[in-house]
Amino acid sequence: MKKLALIGLAVSLLFFAAYPSLRNTRLGSCVAYAFGSFREVAQDRSERFLGKVHEDTARCRGGEEAVQWHATPWFDWQRYWATGEQDSRFTGLISGLGFLSPNRRGIAGALLDMEYQRIELLRFNLFDNSGTFQEYVQGRNGTAGSAIKIWPQLRLPHEHSAYAAVGGDGPQRCRGELIRFRNLTGICNDITNPLMGSTDQPFARNVPFEATFPDLGKNEIVTSRHSDRLGLLKPDPQVISRQLFSRTQAPNNSCNEGYGLPGYAPEANCDYQKAPVLNVLAAFWIQFMTHDWFSHLEEGHNQSELMPMGCTARHANNADQPLTPAEVKYLRCRPEDRVDKSYIAADEPPVTFSHAGEPYLTRAYKTTLNKVTAWWDASQIYGYNDVSWKRVKRDPRDPAKLLLEPVRTSTQGAAGYLPLLQTSDYTNPQWSGQESVAFPDNWNVGLSFFHNVFAREHNLFVDAFRKQAKETPEKDSGLRNAERPHEQIKYENVTPDELFAVARLVVAAEIAKIHTIEWTAQLLYNEPLYLGMNANWFGLLGTDKQPLVRKALERVIAQLKKSDAEKKNTALYSVFASGPGIFGLGSHDYRRRFILFGKKTDRWDLSELEKHVNGGVNHFGSPFNFPEEFVTVYRLHPLVPDLIEFRELRNDSNVIRYKIPVMETLRGKATQAVHRYGLADWALSMGRQRAGKLTLQNHPAFLQNLSTPRLKNATGKIDVPALDIIRDRERGVPRYNEFRRQYGLRHLRSFNDFIDPSLSKNSPERGRQQQIAGLLREVYGQHQCEDSKIITVAQVDNNSAKITDCLGHPNGSMVDNIEDVDAVVGWLAEFARPHGFAIAETQFQVFILNASRRLFSDRFLTSSFRPEFYTHLGVKWVNENGPDGMIKQKGKSNGHEMEVSPLKRVLQRTIPELKPELDPVVNVFDPWARDRGDYYSLQWKPRTGAGSDVAFKD
Ligand code: HEM
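Those letters in the sequence shown? Residues 88 to 1041, by our numbering.
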């Protein structure tokens, strides 16, 4: 020990002696970085890290390129070693020196930066709208707000049917039948907070309430920031849609506004900018997910009152001017479009309180309700209230199964298809002719695909369970009834209702796994994110490789959870959870019989409701629900192409047979299209085609002209991209620059800041981006700035001075109205992104927080991921991606040995015809015929066997 200390001292002395000559070299920077202490977590929001590290740290993790990137508004880590494709890797001699390798430093540095972001987000960005916020700020009886775990606001109300069962007027604790499975409305996921995450709870916020609804002009900061330039229709949302969102079409390319050509002729073409490594399945997957997590609409409706949608004014000479008929014609927008107003839950002035001399609001100026459960519980399939539950059809021959029926066409697999809605099942006439599912809104061929696939998966699980029960009827299924926690339930005694509920748990967990390690890893296609997403699920240390460390870390976490100290409860908890992973956290409690002796056994016990069953969840002091801002960053409509390139499995997959307009596969027509061509050909077609890139000028034409008969407005249509803007304004989402500041990101000072700083001066792409910056200026305008006006309290500038209306430009100069840019427009305009990111860093920041919380808060994905709920077969099915054990993918991908991906296993089971086509596929969301190259390549090059695929000719 002494020797080590001496060596350490000698190295330090040597370093400080040599420091002047080493300064600004990589070695010098790395030594300075190594001897510096860890960054303190910010105590105040103005001290946040902003994704920016010390210059030495940047140099050590990514060389001079990382140092230069430091001046840009964007995360530093995207320029660290090995965070991009092959050319981002350090290839010198030391790259092979294990932990001394710059590549390791780059990747570890990126992960560390992201962890700091998560800690800060957990500390500064939780704002609950259900009435708990005052205690979050002030604490309760000496407990810090962020350590509070039970809230009176989340008790079941008197009129709730389960009120007495959870304890009525006394302390409410879910028990018995109420805690066994996922309940229809999402109650009792958290045993001590029955209402949390259930249907009809308010959306939360990730920004202080004072920063919401900027167009109401409620405080001086807001009026200084936006003056009187904002309104529901200001700047005009349809003008934004047509000028900034429309896909540019080459002349005579037969797109025909998204209608293509008669007979779906393959010669049709609708130009769109393509996401390099993401396919159309990925686009519809995320819509399928959002229908599980949130909805503002009830049965596809908002309020009955209609409102205008713009197409009336444009910005010129820094003022709004009415649009002339010629301009309306040129823009192709529609002044007569009308849409139903958003539901609002509360809009009376919020109660205020003060703490440490500061005034606070108890909620946002207006609130809205999440009309589905916020849990990752597959409620889009299984229901979230009584009306949706009626649409979930169970098989009368085996009520543990979902009803699937044969369809009389030649291309169908044996597994069957979901039945159609009956008139008595729906309240929205637009849904007539669709499949009967819990969440039927905005139905299309992609949603039909995933609903059918997971209904089949549900039934396959039931079949496997029944088979097991037949073979070993007397064996313990693992399932328990919480009322008799220690009584075995044999396979033969599991009832159809119980098996249905178990299958729901399994399907929901499989979906969560696919989303975390397959969809997200492809959406954010680089090494740090591959590791990060796998860490969320399996733990940074790997489940099977480091079981001892995993267990040790779990103990540390358990210790931390007991602590009330604010710092421990949020910061350290989040860090240590990266060790063993969030999924399954607290689902074991390994202890020795005696303190030092005896074999360790798992003491997890179903009768220990708070300690074990509920013991793995952490809400960080703020009840879980998605924030309004989360919905904003999921407005991903550009992912959808206008035409689907349709292929046939039995007829040379490399040929595009038809171009089918997505518009022709909506609502009831989706069901017809799926029945006519079969799931296999749709999988092949959507699997091979690239999704749209999430960028400006890339929204589908068909969504700008979506027919909406239910509204009965004069045009019969709405512009959905314009509606995206309007809805965010109705719900008070801060505009882009303040949004970034509130999330701990650097703001922009002009529209030119959107231009990717890494582009060379004369590149055509730079020219294109400059032109878009000009368009933003045209739409949002400029104003003469006043340096005396302070526009935010979220951050200070680089010199620790208040940020003003001039954003660092000279007083009185003309500055871009960058503060007015709608959040969606802003993140779509982010051209500089980390390697392989289909989304922008602003969206990613929102995901870091909420994707983790969605796991941290859910008992069934943490401490109740146990055979007592899932059965032994269910736990195995989720862990091993099905009933046949883990299966290794041939070869390596991006340097990793990988399991056959979970969605690939699901597709192999549910659509067996796909097996040969799926064989080379590593990630189902990567275009299926693409050669993945060696290391996070984004190239569009065919894999072996797909050389003749016409899609690779463009
Ligand atoms: C054919 C495809 C699609 C159609 C026809 C469609 C249609 C719509 C419509 C009409 C709305 C507005 C509802 C309202 O506020 O009144 C909407 C909202 C939304 N869409 Fe889509 N959409 C499609 C695909 C997608 C995809 C691929 C995503 C990806 C995540 C997506 C995400 C959203 C989100 C997040 C909202 C806001 C929901 C809410 O306010 O609760 N949509 N969509």
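We put the CB at the ideal spot given by N, CA and C, even for glycine.
query                                                                                                                   : result
DSSP bridge partner residues for D903 (one or two, in chain order)                                                      : Q869
S900, buried or exposed, once every other Cβ within 10 Å from all chains shown has been counted against 16              : exposed
V807 CB to nearest heavy atom of the ligand HEM below 7 angstroms                                                       : yes
6 angstroms CB neighbourhood of T454 in its chain, flanking five on each side removed                                   : N216, P289, A432 and A433
Alpha-carbon to alpha-carbon, P395 and D427                                                                             : 9 angstroms
Neighbour flag for L672 against chain B, beta carbons, 8 angstroms                                                      : No chain B is part of this structure, which consists of one protein chain only.
Buried or exposed (CB count within 10 angstroms, at least 16 for buried), I181                                          : exposed
Cross-strand partners of V426 (DSSP beta bridge)                                                                        : M394
Spatial neighbours of S466 in its chain, beta-carbon cut-off 6 angstroms, leaving aside the 5 residues before and after : D379, V459 and T460
Backbone secondary structure at I812 - three-state DSSP                                                                 : helix
Inter-residue CB distance, R205 and C147 (contact presumed, cutoff 8 angstroms)                                         : That belief does not hold up - the Cβ atoms of R205 and C147 are roughly 22 angstroms apart, past 8 angstroms.
Member of F918, L1005 and D909 whose CA lies at the smallest distance from the CA of S328                               : D909
Spatial distance of Y106 from R135 (CA atoms)                                                                           : Here the model assigns Y106 a pLDDT of 48, short of 50, so the residue's position is not dependable and the matter cannot be decided.
Residues that DSSP places opposite S406 in a beta bridge                                                                : The identity of residue 406 in the sequence shown is Ala, whereas the question assumes Ser. DSSP lists A403 as partners of A406.
Close beta carbons around T630, own chain, < 6 angstroms, minus the five adjacent residues each side                    : Reliability fails at T630, whose pLDDT of 38 lies under 50, so the model's placement of it is uncertain and no value is given.
Reference G1032, options A778, P1007, R763 and L783, closest by Cα                                                      : P1007
6 angstroms Cβ shell around R953 - same chain, five flanking residues per side excluded                                 : S674
Host alpha helix (DSSP H) of T607 (start-end)                                                                           : T607 to L610
Rounded straight-line distance, which links the Cα of E716 to that of E392                                              : 25 angstroms
For V364, the three-state DSSP class (helix, strand or coil)                                                            : strand
Distance cut-off 7 angstroms: N705 Cβ against heavy atoms of the ligand ATP                                             : Among the ligands in the structure shown, the ligand ATP does not appear; only the ligand HEM can be found there.
Span separating the alpha-carbon of M88 from that of E984                                                               : Bear in mind that the predicted position of M88 carries a pLDDT of just 36, short of 50, making it too unreliable to give a figure here.
Buried or exposed (CB count within 10 angstroms, at least 16 for buried), G533                                          : buried
Cβ-heavy atom distance, F536 to the ligand HEM, below 7 angstroms                                                       : no
Identity of the residue in Y677, E695 and E865 nearest D689 by Cα                                                       : Y677
Residue burial classification, A801 (beta-carbon count within 10 angstroms, cutoff 16)                                  : exposed
CB of L317 within 8 angstroms of CB of D302, strictly                                                                   : yes
Buried versus exposed call for A919 [16 or more other C-beta atoms within 10 Å across all chains shown]                 : buried
Per-residue DSSP class, three states only, for V459                                                                     : coil
Sequence-distant residues of the same chain with beta carbon closer than 6 angstroms to V987, five excluded per side    : I974 and Q976
Residue range of the unbroken alpha helix (DSSP H) whose run includes L790                                              : A788 to Q791
E585 vs N1010 beta-carbon contact at 8 angstroms                                                                        : no
The region 535-547 in contact with the region 753-770 per 3-pair CB rule at 8 angstroms                                 : yes
Alpha-carbon spacing of A608 relative to G923, whole angstroms                                                          : 10 angstroms
Beta-carbon gap between F713 and N966 smaller than 8 angstroms                                                          : no
Presumed contact (8 angstroms Cβ cut-off) between R775 and N366, rounded CB distance                                    : 7 angstroms
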